[in-house]
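Enquirer: Sequence lines, in order, name chains A and B.
Quick note, the numbering used here runs 4 ahead of the 1-based positions in the first sequence.
Quick note, the numbering used here runs 2 ahead of the 1-based positions in the second sequence.
Mind looking over this structure? Questions follow.
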Amino acid sequence: MAGIKSLDPRPYIIYRSSAGSGKTRTLAKEFLLLALSSEPGYLKHILAVTFTNKATQEMKDRIVRYLADFRDGRHNNLRDELLKELGMDEPALKRKSEEVLSTILHEYSSFAVSTIDAFFQRVIRSFTREAGLLGNFRLEVDYDIVLDEVIAQLLDELGSDPQLTDWMIQFSSRKLQDGENWNVARTLKSFAMEIMKEQFKEIEEEVLKATPERHVAVRKLLEKESGEFMKAMSGMARQAMGIIEAHRLTKDDFKGKDRGTVFKYFREFAAGVYVDSSNPTMLSAIGGAGEWMAKQSLKYKELLEIAETELRPILLEMVEYEKTHGPGWHAATAILENYYSYGLISDITRKLQSYKEENNLMLLVDASKFLNGIIRQSDTPFVYEKVGSYFQNFLIDEFQDTSSLQWKNFHPLLKEAGDQGKLNLIVGDVKQSIYRWRGGDLSLLQSSVPEQFGAGQVDIRKLNRNFRSGGRVVSFNNKFFSSAAALLSMTLNHPLPAEVYADVAQEIFYPETSGFVEATFLERGEDDLWKKKVLDELPRIFERLQDQGVPLRDIAILVRRNDEGQEVANHLLRLQGLAERKRSKYKYKVVSNESLRVDGSYTVGLLLAALRYLHNPDDAVARGHLAYEVTGGQQLDTLFAKARHRKLDEVLPEEFLRQQPHLRRLSVFELTEELIRIFQLSVHTTEISYLQAFQDITLEFSSREKTDLGTFLEWWDSIKVDKKSIKVSDGGDAATILTIHKAKGLQFRYVIIPFCNWRMQHEHQSNMLWVQPKEESLSGLGHVAVRYGSDLAKTSFREEYELEKVKVNLDNLNLLYVAFTRAEAGLMVFAPRPGESSKGISSVNDLMYAVMNQPELSHAFDGSTFRSGSLEEGLMVKESAEALETIQLDRYHSCDWRKKLVIKREGAEFFEDEISEARTKINRGILVHRILSLIRHQSDAETALDSFFLEVTLLPEEQKDIRDKVMSVVQHPQIGQWYGKEWDVRNEALVLLPGGGQKRMDRLMVGKKQTIVVDYKTGARKAADRAQVEQYAGVLARMGYPAVTAYLLYLDDLHVEEVVRNTTLGLF
Amino acid sequence: MKPFLKELAEKMVKERTTLDELTFIFPNRRAALYFEHHLAQSLEKPKWAPRLFSIEEYFRKESKLLEPDRLTLIYRLHQVYNETLKRQEAFDRFYFWGDMLLRDFDELDKYMVNAAHLFKDLSKIKELDEVFDYLTDEQKTFLKNFWIHFSEKESNTKDAFLLLWQKLPKIYSDYTKGLRKDGMGYEGMIHREVAERISKAAKTADNSNVVFAGFNALTKAEAVLISKMVEGGAQVFWDTDAYYMEDRLQEAGLFLRQYRDHSSLKSTFPPDAPDNIRKSPKKLELTGVPLRIGQAKLAGGKVAEILEGMKREDMAVELARTVIVLPDESMLLPVLHSLPDELQDINVTMGYPLRETPLYSLVDLLVEMQLRQRKNTFSYREVLAILGHSYVVSLAAKEAEDMRNEIITRNRVFVNIDDLQSEHPVFPLLFRLVEPTQVTHYLLDVVRFLGTSFAGKQSFDREYAYHFYKQLAGLDAILKDSTTIDWRGYQKLLRQVIQSQRMPFSGEPLRGLQVMGVLETRNLDFDNVIFLSLNEGMLPAAASQGSYIPFAVRRAYGLPTNDHRDAIYAYLFYRLLQRSKNVYFYYNTEPDIIGNGEMSRFVQQVLLESGLQIERKILYNPVDPHLPRQIEIPKTSAVMEQLNRYVPASNPEARGLSPSHLNDYIECSLRFYLKHVARLMEADQIDEDVDARVFGNIIHDSIHWFYDDLRQKDNGWVKPEDLRNQRAVMEQYIDKAFIKLYKLREHEAVVYEGQRVVVKESALAFLLKILEKDEQHAPFQILLLEHEFAHDITVSDGRVVKIGGKIDRADRKDTVTRIIDYKTGGDDSNFESIPALFTRDGKRNKAAFQTFHYAFAFRLMYPLSGEKLMPGLINRKSLFDSRVGFGHTMGKVYSRTTISDATPYLDEFGKLLEQTVQEIFDPSVPFRQTTYEPACEWCLYKGMCRR
Ligand code: SF4
């Protein structure tokens, strides 16, 4: 278990690698170095962690592919490097690779390449007992449904919980005043998403501890704090007003009367109302009383005197007081104003807690914290030993997106490994940190981790050659982002952006003149006219690229939000439809896993209409919709009239109408199957992807807690686009539309960013900021929530606010970086030109525009277009990934399987067919039959009964019934004789018949001279019964049994019927 | 190729004249069934069948111990556990752990491990070597590695672990002793007892009539049993292949290679394993598919392809040589639905999870409903779900429907059980108040009722009922003396019990297409194998069942670990390749969200190692939806006729064409048609979310009543003092509004619960704010309240159209008459110009359109007043934003002016209004969809328009 020790004594290598510099390759290489230089069994000590599920797959594939290449002597881009660094010759590499590959394939669990989440889950699952969790918990990633439930439960408590009610009322009236949505549940939900953030997880416990009493105390404290400030200020102001009145001065004597002047300042404060003193008039007024007075005032002179000697000192005192106490007051006010949301959050959190427990769920977002709890209480090796994995080398990818909680879980592991001199690798790029909203903390990579391990332990390396993009693209990005970061740092007055982008410049690998960049600014126009122009431009780009022989699958369209993607997708789909009709030589095909809504298709639209119809036939909209879809839009006026009056008999398929009761009892998934069949939707072959995707969604839904149709439809209406999008495998000839977030880690030959205009600030206004008051008087509060907004600049949370602002800006700059660095050959960007009047940098297009005007880039910028190279000359030839053969589903089979299933039924016999008495019954006869087959002789009866009841649990009264019945058979004067010791008994005697048939006789008794065969029957007597036992007798005779007598025994009334007597061979 | 079992059957028939002295033992029952069939096929005359056992049955037969159901076993374990640990852990919390612990006990018995040793606390013991002299060094290393951590620092988790660990030997021995005393035992106990007895027996019995066949991974107890019997002459037939027997790394051969070296089993292996996987010709195909449905559909297509080559009469038999293997049980229904319709018989052999049945959802709802009962009521949420549940609907559609409607129209949040009764017996059964202690009986009654109700026609439902019945009766047996269980506990327990249950689907295996799980394929061979869900986590299955015994300890004692399970799956996987001709693999190309579930390692092995030719494909369907059609309603004579609803002369019930109808028309003429002419409306919904509409109604009614009362007093004059301190009065009006809205009983105090509390308070705040603002405006005189107006427009075909609506309020102060509309939504007061109120394709101000229409109508009613007319909104902004005053502002963003008199604009407004109405009645202008898509955002007809 040696493992490779690096020659460098520093056990931690941190790779800071900009986009396209071969991060994944580096990681794969390090993995291979470790694996190939050790014993095969060492593999299980290496853990490679990646960020997304796709990245995990990609990494595994790559490693396996490299090894297979080495084993089979194929060349690849890693071989020479590896040979050199491992100091091996080719045959040795070949042998070693075969060994490692074999180990991977056959001890697959030791091939540990995994997402953080998957790795954590594995550990957690083995600690549930100690941590008081139920072991078979379900991992929940869909927080929408959970929150819906939790909020519904919470709302039920309104009225009975006064505190909660109070908060809800405040919350609602706030929403009412802000003009926001009135749907309480919905607004509450979007607000509650806050608690699903990892940031919140760190303070969750603190929030949960808050009791009602504590809330009251906290509010008191806040009110006191804010009251004291106001008391002091208004005291002073009243003094000033006293002076003013004493001198019989009025507002008219002051400059500007009572608008924004000293007079107003005093008057308002005297009345206990806060006035901002930071406006220019006030500032100059503080400077000297000369600015105070209205020139035309008759008392000008006198006033000046009073102002300077009596009033100004008070003013100065007030301003001074505000300077010291104001931020605290603002802080208290900000907290108070938002206190209801703090309260609500703690209530929702509490409810969520019990919901999770009741439903045995773990939310994915809770995992890190949970594991943290385990690790904190224990030494790490024990934790991992219990799981059975003992990692010695850790390779972590995309580290900039790791959250601090996640890191807390990894830290002890890496520490231990490092202390033992084992190599650990951390790879990341702070510039690509775009998952802060999920907890990603770029400062870990930037500074904390190197600090934690100590400089002597960490070897920081840079990968700064770009193997992805053409020269022009790289050099554009180099210039663009260093300039953009500097600009942003300047505007925000904070060094962070510039620091993060300090190493943005990359070396160029491809020729200087390869690739191209084009950025176009359009006039914004009314109603976002520029977007329409962009949409019109897209097909032209497609055409130009196709003219150059570029396949569509080499094009990616990156969007900021899904709805934008949807807009683009719909537009191009429409064009594609037209092009097909016109048999154009160009194609506009697009695929997307996020932006193509399944209900954008005819078939799924129909399915949904039918589902809504079934769910509620009173819904005339659903009726109309379904009728419309079915008829294909003929004679709509009469059709809708029919729909309104429920006269759709001739319109809807007869089977649909007839089967309604049956349909209504199917699960949503099965319902879709039946509807597809009934409405013959499978003939629409070009929509199969949509049907398939929709059914996958319903299938997924059916594994949830609540699965009824109503819940499904409600859920469907509330989920976001990416959840109801089709899923396609890679392959096929179509351009891809995806969000920038999903594009991270991917690359495309041509990248189009159609709507490059997102805000540099939060998209929504309702963001909260968790802060800890610094004022001594408020220090006991712990974390509280305030609304993020420029108001905070006045409070003592200014610093937190400023930092958050910088971070939000940085997030958005990073997004731009990720977007711009995806392109291999060509980058095409569209944005609205900033308006004349707009100042500062509030969105990325402002930033772009400003940067383009900097000297580094302005030479290629004519005010509306930036151009470096061109599409036609920027073509770069790169090998495309090998494509697998694709097949299509050209038929969508759908069958009514219930009719065809061969199934052994137990239940059918178990219950009586008719509801006989008031209470319903189970079928006793059949059970008695089964018990009798276990009894050979009378003496077996008790045991048989006992073991039967162990197997089939019945209620005590039912057991007794059956026991009595069985005993009455074996003790029966006539029948009981069959259960005597003298017989050689076969129960369920099985005869095999030539050709594959068989006969199973319920009871065969062979005596010295006589053979008896009996068949037990329940229910009414049937003619076929006799024929059956006759056959038995025949078979027995053929087998040479003497004197065969055959009986039927009717168990209900213990009637015995003799069917055959004393037959022997020859009679048949 | 000939199936393994058929080969064996033919061999037996050839070698023996009679069969009934023989005993065959197989790994499972199904193998026996197939074997029996093959035997009969090879016979020439009738013969008694030999005795056939699954190994499990054989153990049972050999033992005196009886095995109770699992629930009983766990319950007894629970009692021992609580006694030993002196705890009062509730059964529902214990259940899962008990289940796991029982599995651990079961395993250590099957592997005949000394429990006292295994559960030894070695944290303080240094001299491992002396205590466990029978362990190998490797085993000791494992133990040491694990326990060494205990000598280091203390921690909660470790303490918690040790605490239980130290008690486990006692729990184990008390538990097993107790069971044995009552003549009971779980599987492991039974196996161990039999194996120990046999291995202790002084002389080996003659077992020359015993045949074992098809075994792979044996537990220690099984290995002891088989090898002992082999010593007594029993025969063993293994199903092996050189491919994995000869490759040391191939986990598929892990066990068989061991047995080949085993002292007494060695003799039962033939010298050479057959080399079928590599040598017998076969076709392999591997297809990647995004997600699951595609796999099912492709499998269906594959079956259709296979069917094509068959004659109809042989289909059933031929198809029996085709199998669809489903490692993922949730694929069962998708696959069944996707099979070609030509297919006659389908035979499914696998467990169907009870939790997927409709009965489960009903039972779960019932428990949830009972759990949330309050006084004599249930929460509407569960009640509605139950009334809408497929079973209830199919039994009593009408009654259920009526009840639903009643609850919805009355907006009952808490439904009284008296309102949930009817003639149909199912209702009193479902809706009665139940104590937690009676719950099993309650549910049993329901299940029995359903079981009998679905006679014959829907036998699946009967099967579900049967299996539920069994589980519930079991629960009843256990809980009958328990007085402590509460609803939550019961719910948790029930969910856990049901969730682990599978309903065995098993049919006539010899006919028709075979569909089965992976484990069910044991010993069976097929020509065509369609293998779905070949992903990690499915095959091999994810390790879902935990164990309390740490990995290292398991390793040390030779208890099965994940590797062991993986090897079992590997064998099952490769075995299916042995004798098949065509193999079709399918896998999901989309890993799950946390990154598990890539292509199965076994497929990767085949791809990278086997050297077999394998055709790789990927499912890629073109994305090419039918584009939405343009919807256009031409004004046929029928439509023109329908428009008479606005023409009093032709329709006595004619209503006025109101501003809100006109708003709809201007925004989207299609919507106008659908909503007001074709009148396709949504059904009522339960207002769980009190929406804007409800809120608006309450405000309108309350403020109306308030002023209506007030204006009686002083000829409509309102003074500031009239508006002060009106909170209590307003509250009464709000109560009244609620009564009206929800059809509550009058003169009864309104109870505010749930969201209504918030609505009430918000409404009150809103109303008081109105009064506050009005107070500032007072004194003024009320002119109109909720005043219905009407005027006519004659359209080109001569029809006189009635235009009408309701003015919320008009009041006068000095020379200004205000025309007021109350708005509770986010409406704005600004608009660009009068024509902009009529624009089709862009933002427009609906509210301003309305107030202008009111002003227009007002002017028609009082043409001579000569006063200023000031339309405006009382809305959120004018109430809560101090910068916003009453009245509309007009103009572009930076040049807006407040309209203090609308009179100059009314002519233009009237003209445009008339044009619009003319257009509605113009037969040449069809109703069309709007081109301004934002207008569609909240539209009812979005689905139809695909907007
Ligand atoms: S969805 Fe849009 S186009 Fe269709 S009716 Fe509604 S508003 Fe008109």
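Just so it is clear, CB atoms sit at the ideal spot from N, CA and C, and this is done for glycine as well.
For the alpha helix (DSSP H) containing methionine 286 (chain A), name the first residue and the last one.
Expert: That run of the alpha helix (DSSP H) goes 284–291.
Enquirer: Using a Cβ cut-off of 8 Å, which residues of the segment 330–361 of chain B contact any Cβ in chain A, in chain order?
Expert: The segment 330–361 of chain B vs chain A, Cβ under 8 Å: Ser332, Leu335, Pro336, Leu338, His339, Ser340, Leu341, Pro342, Asp343, Leu345, Gln346, Asp347, Ile348, Asn349, Val350, Glu358 and Pro360.
Enquirer: Got a sec, what are the start and stop residues for the beta strand (DSSP E) aspartate 1006 (chain A) sits in?
Expert: Per DSSP, aspartate 1006 (chain A) belongs to the beta strand (DSSP E) from 1002–1010.
Enquirer: For threonine 20 (chain B), which residues in the same chain have their Cβ closer than 6 Å to its Cβ, ignoring the five residues on either side in sequence?
Expert: The answer is none, since no qualifying residue turns up.
Enquirer: In terms of residue numbering, what span does the beta strand (DSSP E) encompassing threonine 119 (chain A) cover?
Expert: Per DSSP, threonine 119 (chain A) belongs to the beta strand (DSSP E) from 116–119.
Enquirer: By the three-class DSSP mapping on this structure, what secondary structure does tryptophan 940 (chain B) have?
Expert: The answer is coil: DSSP assigns tryptophan 940 (chain B) none of H, G, I, E or B.
Enquirer: Quick one: grab the DSSP three-state call for leucine 2 (chain B).
Expert: The question about residue 2 (chain B) has no answer here: the residues shown for chain B are numbered 3 through 949.
Enquirer: In the structure shown, what three-state DSSP assignment does glycine 1 (chain B) receive?
Expert: The requested residue 1 (chain B) does not occur in the structure, where chain B is confined to residues 3 to 949.
Enquirer: Taking DSSP as the reference, what is the three-state secondary structure of serine 926 (chain B)?
Expert: Here serine 926 (chain B) sits in coil by DSSP.
Enquirer: Does the Cβ of tyrosine 589 (chain B) lie closer than 6 Å to at least one heavy atom of the ligand HEM?
Expert: In terms of ligand content, the structure shown lacks the ligand HEM and carries the ligand SF4 instead.
Enquirer: Since glutamate 767 (chain A) is in the alpha helix (DSSP H), which residue starts that stretch and which ends it?
Expert: Counting along the chain, glutamate 767 (chain A) falls outside any alpha helix (DSSP H), and DSSP gives it neither H nor E.
Enquirer: So is the beta-carbon of arginine 578 (chain A) under 6 Å away from any non-hydrogen atom of the ligand SF4?
Expert: No.
Enquirer: Please classify aspartate 71 (chain B) as buried or exposed, where buried requires at least 16 neighbouring CB atoms within 10 angstroms.
Expert: With 16 or more other Cβ atoms within 10 Å, it is buried.
Enquirer: Got a sec: is the Cβ-Cβ distance from aspartate 689 (chain B) to anything in chain A below 7 Å?
Expert: The predicted position of aspartate 689 (chain B) is uncertain, since its pLDDT is 49 and thus under 50; a value taken from the coordinates is nonetheless stated next. Not closer than 7 Å to any Cβ of chain A, the Cβ of aspartate 689 (chain B) fails to qualify, so no.
Enquirer: Buried or exposed for histidine 469 (chain B), please, with buried defined as at least 16 other CB atoms from any protein chain shown within 10 angstroms of its CB.
Expert: So histidine 469 (chain B) counts as buried.
Enquirer: On the CB-based measure, 16 or more other CB atoms within 10 Å of its CB, does valine 1063 (chain A) come out buried or exposed?
Expert: Burial call: buried.
Enquirer: According to the neighbour-count rule (16 or more other Cβ atoms, all chains shown, within 10 Å of its Cβ), is aspartate 540 (chain A) buried or exposed?
Expert: Exposed: under 16 other Cβ atoms inside 10 Å.
Enquirer: DSSP three-state call for glutamate 314 (chain A): helix, strand or coil?
Expert: Helix at glutamate 314 (chain A).
Enquirer: Note down, in chain order, every chain B residue with its Cβ under 9 Å from the Cβ of glycine 736 (chain A).
Expert: Within 9 Å Cβ-Cβ: Ile620, Tyr622, Asn623, Pro624 and Val625.
Enquirer: Does DSSP classify alanine 509 (chain A) as helix, strand or coil?
Expert: Three-state DSSP puts alanine 509 (chain A) in coil, outside helix and strand.
Enquirer: Could you give the residue range of the alpha helix (DSSP H) that holds tyrosine 667 (chain B)?
Expert: Looking at the DSSP string, the run of the alpha helix (DSSP H) that includes tyrosine 667 (chain B) is 661–669.
Enquirer: For leucine 340 (chain A), which residues from the same chain have a beta carbon less than 8 Å from its beta carbon, with the 5 sequence-adjacent residues on both sides left out?
Expert: Hits under 8 Å: Arg223, Leu226, Glu227 and Ser230.
Enquirer: Within this structure, are the beta carbons of isoleucine 308 (chain B) and threonine 324 (chain B) separated by less than 7 Å?
Expert: Yes; because the gap between Cβ atoms is below 7 Å, this pair is in contact.
Enquirer: Can you pull the chain B residues whose beta carbon is under 7 Å from the beta carbon of glycine 529 (chain A), in chain order?
Expert: Simply none; closest approach about 12 Å.
Enquirer: In three-state terms, what does DSSP make of alanine 11 (chain B)?
Expert: Helix, per DSSP.
Enquirer: Candidates B:Leu104, B:Thr178 and B:Ile388: which alpha carbon is nearest aspartate 712 (chain A)'s?
Expert: Nearest of B:Leu104, B:Thr178 and B:Ile388 to aspartate 712 (chain A), Cα basis: B:Ile388.
Enquirer: Under 7 Å between the Cβ atoms of asparagine 1 (chain A) and serine 872 (chain A)?
Expert: No information on residue 1 (chain A) is available, as it lies outside the stretch 5 to 1072 that chain A covers here.
Enquirer: From methionine 333 (chain B) to glutamate 921 (chain B), what distance separates their C-alpha atoms?
Expert: One C-alpha to the other measures close to 56 Å.
Enquirer: Taking 7 Å as the cut-off, decide whether the C-beta atoms of histidine 111 (chain B) and arginine 194 (chain B) are in contact.
Expert: The sequence given here has aspartate at residue 111 (chain B), not histidine. Cβ distance < 7 Å, so aspartate 111 (chain B) and arginine 194 (chain B) count as in contact.
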